[in-house]
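The structure appears right after this line, and notes come after that.
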Amino acid sequence: MSSLFAQSELKDLIEKVERGERLDFNAGVRMLNSQDILALGYMANLVCERKNGNQTYFVVTRQINYSDLGKDLGTDLGDLTDLSEIQLMGEFNPELSFDYYVDMLQQVKRLLPKVSVQAFSALEVDYFARMADLPVTEILRRLMDVGLDSLSGSKAAVFTPPLGAKLGEMNVSAERYLEIQESAHRLGMRTNVAMFYGQVGSTEERIEHLLKLRELQDRTSGFLTFMPLAYYPNGTKEEITGVSDSTGFEDLKILSTSRILLDNFEHIKADWVVLGPKLAQVSLTFGVDALDSHLMTKRALIHLIEKARREAVERSGKERSACKE
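To convert, take the position in the sequence shown, counting from 1, and add 1268; that gives the working numbering.
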């Protein structure tokens, strides 16, 4: 251990991470409550480089709001040269049947057969199951059959019902959320997962959220990426401007603590659009090893990564889970 951390309040945790030991709930709470940002960065970078070396992964992706898609999907999709992944996003619409979403995926795959499709959170899968009166596994199979490659990590509150309810009327329990994720993994689908922070969730609730994800990952190895998301309250200035009330200091603490605790996740992803390109570069030494090219050209993203002295590696987004029944 560097002499820089000899007097750190996290010295004992640093020693455990250096030995490759897994940290527990109490350690997680200590890390999020700590002001020793350099110690957190050191530990997170150590875990990150053990898993992925000096590499930072990126996907050439485009986000499309399916609520706005017209009948001519070819026009809506536009120029998708070099694209490797589509992220379909939208709001719950009670007027649309499950078949609408199935048809939408079929059209996207027909137009872009080689592009990976990421869409729908666990909350939306739960909604589809209740709307169509079908088991979750059947919903997932039908979506996979028409081209869904991975589930989205959006719409993930901390696993506390009162807090989850603040994010909108569509919400599921932690048990149901994890059950849907596990069902997808058992079918061979990789999923992405997230956690809101900022104005929602206590320190203890955030750590509990991370550890529940880690426990499921121990069983299935089906999660591909984890991405913390700064929460914008509906109708507030933050939501409109895209500026949250989290600080760069808090952003880095959440990212580094996530990397340290989620030692069985392949990738910790940062949202560079929210962080800004400069803080996103800094995050690459605080445990982050994955970025998306959404709203940035491939060339610009590679430049951003390489200027942070990381090796930029493109991945396809088509990885499948090794955990099948």
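Just so it is clear, CB atoms sit at the ideal spot from N, CA and C, and this is done for glycine as well.
Where the alpha helix (DSSP H) through residue i begins and ends
i, result
"N1313", "I1305 to N1320"
"G1296", "F1293 to N1301"
"T1405", "V1404 to D1413"
"D1560", "No alpha helix (DSSP H) holds D1560; the beta strand (DSSP E) holding it covers A1558 to D1560."
"D1401", "Note, D1401: premise wrong, no alpha helix (DSSP H); not H, not E."
"M1372", "F1366 to L1379"
"T1471", "T1471 to T1488"
"D1519", "G1516 to L1529"
"V1440", "Run containing V1440: none; DSSP gives neither H nor E here."
Bounding residues of the beta strand (DSSP E) (the contiguous stretch that carries residue i)
i, result
"F1326", "Q1323 to V1327"
"A1462", "L1455 to Y1465"
"A1273", "The residue you asked about is not Ala; residue 1273 is Phe in the sequence shown. No beta strand (DSSP E) contains F1273, which DSSP labels as neither H nor E."
"F1491", "F1491 to A1498"
Beta carbon of residue i nearer than 8 Å to that of residue j
i, j, result
"V1670", "V1370", "In the structure as shown, the chain starts at 1269 and stops at 1593, and residue 1670 therefore has no counterpart that could be examined."
"I1528", "L1300", "no"
"D1557", "T1324", "yes"
"E1534", "L1492", "yes"
"L1478", "G1321", "no"
"F1326", "L1559", "yes"
"Q1355", "Q1374", "no"
"Q1549", "K1566", "no"
"Y1465", "S1514", "yes"
"S1389", "S1420", "yes"
"F1517", "I1305", "yes"
"M1412", "L1380", "no"
"V1376", "L1351", "no"
"F1293", "I1282", "no"
"L1408", "A1462", "no"
"M1595", "S1422", "No answer is possible for residue 1595: it lies beyond the span of the chain, which begins at 1269 and ends at 1593."
"S1276", "A1307", "yes"
"S1418", "T1471", "no"
"S1335", "E1317", "no"
"K1480", "A1452", "no"
Cross-strand partners of residue i (DSSP beta bridge)
i, result
"V1581", "Y1325"
"V1385", "I1354"
"Q1331", "Q1355"
"L1278", "In DSSP, L1278 forms no bridge with anything."
"S1418", "Q1386 and R1458"
CB contact below 8 Å: residue i versus chain D
i, result
"L1356", "Checking the listed chains, one finds no chain D in this structure; it contains a single protein chain."
Point to revise | the segment 1481–1501 touching the segment 1304–1316, judged by at least three CB pairs closer than 8 Å | key: no
Point to revise | Touch test, the segment 1279–1288 against the segment 1539–1547, Cβ-Cβ under 8 Å, three pairs minimum | key: no
Review point. For the segment 1327–1336 against the segment 1388–1404, are there 3 or more C-beta pairs whose distance is under 8 Å?
Key: no
Point to revise | Given 8 Å, three or more beta-carbon pairs between the segment 1549–1567 and the segment 1518–1528 | key: yes
Practice item. Mind listing, in chain order, the continuous alpha helix (DSSP H) runs of no fewer than 4 residues lying wholly within the segment 1531–1567? Key: 1540–1543 and 1545–1551
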